[in-house]
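Below is one structure, written out as structure tokens, with a few remarks after it.
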Amino acid sequence: MRVVPLVLCALALSACSASAAPDRSTRRADLPWTAPDFADFDVRSIAFLPVAMYESNIENRGMVERAVGQALKGTGYRFASTMIARQWLVQAGGDSLLKAVNDAILHEARPDSLQAPLLARVTRSRALLGVRVDRMERMQLEPDQSGKPTTTVELHVALVDSTGRLLWSAHGAETMDGQYQDAANGSLGVKASGLSNQLVTDRLGAPTFPEVLTRLLARWTPSFPSRPAAPAAN
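With the working numbering, the residue at position 140 of the sequence shown is 140, and numbering never jumps.
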């Protein structure tokens with residue numbers, strides 16, 4: 001297989017994918033959708049493309065990749081992990097191809113019809129899963145503040161076939177509150193540390209990202225079409 005044409009294709013795709021980031025200030029309800037003729041595509045293998053984020057954070061990206069992979073583990077497909085998919089993309093087209101895929105997912109949460117055939121060949125998969133992180137925010141309270149700390153995660157997930165046709169998608173957010181903290185009544189466990197006060201434990205803080213991701217993805221997993229079991233041999 002020649003590598004040079006793939007690199008040139010990657011550069012062209014990257015230029016086509018460039019676009020302004022969508023407005024992320026509006027909270028969206030869950031919007032799961034499945035193609036009515038999903039079964040006709042006979043999806044057997046799925047490549048989980050590297051997660052795209054507006055603000056790159058390796059730790060948060062890893063949390064999302066692990067959470068999504070765990071949520072879809074029991075759906076019956078052969079998955080190529082993000083680590084494997086990333087390696088194949090770099091081998092096929094270098095950082096240019098990797099950037100082109102990232103730009104496309106930031107734009108539409110999935111590779112487009114120009115990219116999909118190439119990516120399906122490179123990742124040896126029948127379908128491609130894209131995940132865009134629209135928001136990951138953990139709001140802690142200071143020791144002298146009252147209220148509830150919160151954690152919010154918003155994702156857009158999309159599955160396309162090797163032609164770029166959308167097969168399944170989900171988009172929504174989950175916000176979880178921590179325990180109410182009343183600084184005036186001293187219910188916020190603090191300790192003195194030099195000139196400042198510090199939380200004794202994170203138990204009273206905002207929920208962790210994995211907690212919120214698990215709850216969000218638990219709402220979506222039932223809508224993800226599982227692969228039909230193979231018929232029993234006579």
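No residue lacks a Cβ here, since even glycine has one placed at the ideal position from N, Cα and C.
Every beta strand (DSSP E) stretch that sits fully inside the stretch 148-188 and reaches 3 residues is listed by chain position as 150-161, 166-177.
Ranked by Cα distance from residue 168, the options 104, 67, 109 are led by 109.
Put simply, the stretch 150-166 touches the stretch 129-138. At least three CB pairs are less than 8 angstroms apart.
Closest in C-alpha terms to residue 164, from the list 146, 112, 144, comes 112. Listed in chain order, the non-local C-beta contacts of residue 174 below 6 angstroms within the same chain comprise 153, 212, 215, 216, local neighbours out to five positions each way being set aside. Taking the C-beta atoms as reference points, residue 224 is found no nearer than 7 angstroms to residue 63. Taking C-beta atoms under 8 angstroms as the contact rule, residue 207 and residue 176 qualify, at a distance of about 4 angstroms.
Using a 10 angstroms sphere on the CB of residue 185, the tally of other CB atoms stays under 16, which defines it as exposed.
One alpha carbon belongs to residue 41, the other to residue 100, and they sit about 26 angstroms apart.
When 126, 115, 182, 170 are compared, the shortest CA-CA separation from residue 141 is found for 182. The beta carbons of residue 170 and residue 32 sit closer together than 7 angstroms. Following the DSSP letters along the chain, one finds residue 101 inside the alpha helix (DSSP H) bounded by residues 82-108.
The Cβ atoms of residue 75 and residue 48 lie no closer than 7 angstroms to each other. By the criterion of a C-beta distance shorter than 7 angstroms, residue 146 is surrounded in its chain by 181, 182, 183, 184, once the five residues flanking it on both sides are discounted. Only buried fits residue 149, as 16 or more other CB atoms lie within 10 angstroms of its CB. For residue 65 and residue 107, the gap between their C-alpha atoms comes out near 19 angstroms.
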